[in-house]
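Here the structure comes first, spelled out in structure tokens, and everything after it is commentary.
Residue numbers (the numbering used here): 30 to 168.
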């Protein structure tokens, strides 16, 4: 990357499959499968000048998730019911590098011999979700 030239690149991939099987006229089984992957890469300077005073040197954010839901449902003239279960897993991460100039160099007392300071922040999370559900409606 060229210094001072902002970048922003995002890639999103998402797929799902929804299948329903009519077992008999009043009873059906549904499967819903999902997949999602996301990545963003960015870098930009914050101070609006040509000088290295403060900028996002590099930021990479990514996440991915998969899910599965299964439902059994009945629908006749007098009663509707559904029973189901779902599971989802998501992983996310952020790697952020912030660069700050050694502002002490301007006053003659540099803390870092005039070289910039860099701060690297790393964050990650994993989430698992489970559910069992049901509902009934009587007409």
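Glycine is no exception: its CB is placed at the ideal position from the N, C-alpha and C atoms.
- Query: Just the Cα atoms here: how many angstroms apart are residue 71 and residue 114?
  - Reply: Counting from one through the chain shown, the residue named residue 71 turns up at place 42. Counting from one through the chain shown, the residue named residue 114 turns up at place 85. Each residue's Cα considered, the two are about 38 Å apart.
- Message: Between 128, 67, 61 and 155, which has its C-alpha nearest residue 90's C-alpha?
- Response: Here the question's residue 90 lines up with position 61 in the chain shown. Out of 128, 67, 61 and 155, 67 has the C-alpha closest to the C-alpha of residue 90.
- Message: For residue 98 and residue 62, I'd like the C-alpha separation in whole angstroms.
- Response: Counting from one through the chain shown, the residue named residue 98 turns up at place 69. Counting from one through the chain shown, the residue named residue 62 turns up at place 33. When rounded, the distance between both Cα atoms is 7 Å.
- Task: Could you give the DSSP three-state label for residue 114: helix, strand or coil?
- Result: For the purposes of this step, residue 114 is taken as residue 85 along the chain shown, with counting starting at 1. Strand, per DSSP.
- For residue 112 versus residue 163, is the C-beta spacing smaller than 7 Å? Stepping through the chain shown from its first residue, residue 112 is reached at position 83. Stepping through the chain shown from its first residue, residue 163 is reached at position 134. For residue 112 and residue 163, yes; Cβs fall inside 7 Å.
- Item | Outcome for residue 86 when other beta-carbon atoms lying within 10 angstroms are tallied against a minimum of 16 | Residue 86 sits at position 57 when you count from the first residue of the chain shown. That one is buried.
- Query: Between which two residues does the beta strand (DSSP E) harbouring residue 158 extend?
  - Reply: To locate residue 158, count along the chain shown from 1; it is residue 129. Note, residue 158: beta strand (DSSP E), 146 to 167.
- Message: Can you look up residue 72 in the DSSP assignment and give me helix, strand or coil?
- Response: Counting from 1 along the chain shown, the entry for residue 72 is found at position 43. Strand, per DSSP.
- For residue 122, write down the residues that DSSP places opposite it in a beta bridge. To locate residue 122, count along the chain shown from 1; it is residue 93. In DSSP, residue 122 forms a bridge with 91 and 153.
- Message: Between the alpha carbons of residue 42 and residue 107, how many angstroms are there, rounded?
- Response: For the purposes of this step, residue 42 is taken as residue 13 along the chain shown, with counting starting at 1. For the purposes of this step, residue 107 is taken as residue 78 along the chain shown, with counting starting at 1. The straight-line gap separating the alpha-carbon atoms of residue 42 and residue 107 is approximately 42 Å.
- Query: Between 45, 167, 44 and 50, which lies nearest to residue 109 when the distance is taken from Cα to Cα?
  - Reply: Numbered from its first residue, the chain shown carries residue 109 at position 80. Here the closest residue by C-alpha is 167.
- Query: Excluding the five sequence neighbours on either side, which residues of its own chain have a C-beta within less than 6 Å of the C-beta of residue 154, listed in chain order?
  - Reply: Within the chain shown, the letter at position 125 stands for residue 154. Same-chain partners within the cutoff: 121.
- Query: For residue 123, which of 88, 130 and 47 has the nearest alpha-carbon?
  - Reply: As a position in the chain shown, residue 123 is number 94, starting the count at 1. Closest by alpha carbon: 88.
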